Amino acid sequence: MAADPAPNPHATAEQVQAAYADPKLANVLYHDWEAGTYDEKWSISYDQRCIDYATGRFRAVAGDQGWPYPTAMELGCGTGFFLLNLMQGGVIAKGSVTDLSPGMVEVALRNAKGLGLDVDGRVADAERLPYDDNSFDLVVGHAVLHHIPDLPTAFREVRRVLKPGGRFVFAGEPTRIGDRYARKLGQATWWLTTNLTKLAPLRSWRRPQSELDESSRAAALEAVVDLHTFDPTELETTARDAGLVEVKAETEELTAALFGWPVRTFEAAVPREKLGFGWAMFAFRTWQRLSWLDDTVLRKALPRELFYNVMITGRKSG
């Protein structure tokens, strides 16, 4: 077996330029670049808060029958957020992490080791998974499908590596309408925050210009790696066309996304030391309350296409 490639967190200007015409290279460079700070940027942790979030997403779309799944593979694992928290929550016994980014696989395996979890990992293209047929009881992913150029091929690969009767669960994918309002809110918040903090009374809230420029470059590359947004019905059709059965999509987060995206953008635009524990608890508790409103009231009254996140599950026949 050939050795996996090494992470490349410091891409050259030439590599970045080439990435604009190559989505897979862009994904590798962007995620290698982000790997070391990704958990901090997105407030990812491996405690009860994120265990509850991950298991809640899984249960919302796939229920809690069959736990723990003996073997599971995470597609596009990032730093391991979804799989590692599902393992801690009792959903999965043994896990494998895969990502196109060597940097992300490295961090995910380091996180798994620190948590004492039984996890192995490979650098892998979702369209050509380096595993035998019928290898896993479960395939999971969080915020990964929108990065994959050829989604029908990736779903066929998911079907191939699943054991007969095995399940897949993907969560955290942007809907077509949700992505539109989230991006506009994020752009408006970034513009407002970075301009207001130029004013003398607010200058202490301004991040150094070099850091702001770095964030802007990352955002520009992020626009290259975000390849798809989804209509829930069309996503279900893509999975069924790949031969998967019992396919079902659910959506979540409307008011929670309208609140969350400006908050996350504001946090990225100001010095972290300005935002203490009180701010973190305010943001998290408010998001929780709005998520409750979305789940218990608005999902029953509004079309699913309006919500920000789509989750999808299904099985391999057998």
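At position 127 of the sequence shown the residue is numbered 630 (the numbering used here), and the sequence of numbers has no breaks.
Quick reminder that beta carbons are idealized off the backbone N, C-alpha and C, glycines included.
Small disclaimer: the values here were computed from a predicted structure and weren't measured.
- Secondary structure at Asn637: coil, using DSSP grouped into helix, strand and coil.
- Counting the other CB atoms within 10 Å of its CB gives Asn698 a total below 16, which places it among the exposed residues.
- Annotation: Gln791 to Ala759 spans about 8 angstroms, alpha carbon to alpha carbon.
- For Leu738 against Lys819, the beta-carbon gap comes to about 17 angstroms, at or over 8 angstroms, which does not count as contact.
- For Leu724, the closest of Ala522, Ala509, Asn511, Ala752 by C-alpha to C-alpha distance is Ala522.
- With contact defined as three or more Cβ pairs closer than 8 angstroms, the segment 642 to 651 and the segment 567 to 584 are in contact.
- Secondary-structure assignment with DSSP links Asp628 through a beta bridge to Arg631.
- Close CB contacts of Val727 within its chain, under the 8 angstroms cut and outside five residues either way in sequence, are with Ala522, Tyr523, Pro526, Ala529, Tyr533 (chain order).
- For Thr758, the enclosing alpha helix (DSSP H) starts and ends at 758 to 772.
- Beta-bridge annotation (DSSP): Pro704 is not paired with any residue.
- As the crow flies, the alpha-carbon of Met814 is around 44 angstroms from that of Pro704.
- Cβ-Cβ distances below 6 angstroms link Glu676 to Leu648, His649, Phe733, Val813 in the same chain, with the five nearest sequence neighbours on each side left out; the list follows chain order.
- DSSP lists Ile815 as the beta-bridge partner residues of Ala752.
- The alpha helix (DSSP H) runs lying completely inside the segment 660 to 732 and spanning 4 residues or more are 679 to 699, 712 to 728, given in chain order.
- According to DSSP, Val594 shares a beta bridge with no other residue.
- As DSSP reads the structure, Tyr572 sits in a beta bridge with Ile595.
- When rounded, the separation of the alpha-carbon atoms in Glu660 and Gly644 is 13 angstroms.
- The beta carbon of Lys751 sits closer than 8 angstroms to the beta carbons of Val564, Glu739, Ile815, Thr816, Gly817 from its chain, once the five residues preceding and following it are set aside; these are given in chain order.
- Put simply, the segment 618 to 638 does not touch the segment 706 to 715. Fewer than three CB pairs are less than 8 angstroms apart.
- In the structure shown, the three-state DSSP call for Asp550 is coil.
- Cβ contact annotation for Trp570 (same chain, cutoff 6 angstroms, sequence separation greater than five): Gly593, Val594, in chain order.
- When C-alpha distances from Ile547 are compared across Leu587, Arg706, Glu517, Ala627, the shortest belongs to Leu587.
- DSSP places Leu747 within a strand segment (E or B) once states are collapsed to three.
- Sequence-distant Cβ neighbours of Ser638 in its own chain, meaning closer than 6 angstroms and more than five residues away, are Val664.
- The residue from Glu755, Gly763, Gln520, Pro510 with its alpha-carbon nearest to that of Ala674 is Glu755.
- Checking the DSSP bridge columns, you'll see His645 partnered with Ala674.
- Secondary structure at Asp734: coil, using DSSP grouped into helix, strand and coil.
- Under a 10 Å Cβ-count criterion, Met607 is classified as buried, with 16 or more other Cβ atoms of the shown protein chains found around its own Cβ.
- About 5 angstroms separates the Cβ atoms of Val773 and Trp708, confirming a contact at the 8 angstroms cut-off.
- In this structure Trp693 is buried. Its beta-carbon is surrounded by 16 or more other beta-carbon atoms within 10 angstroms.
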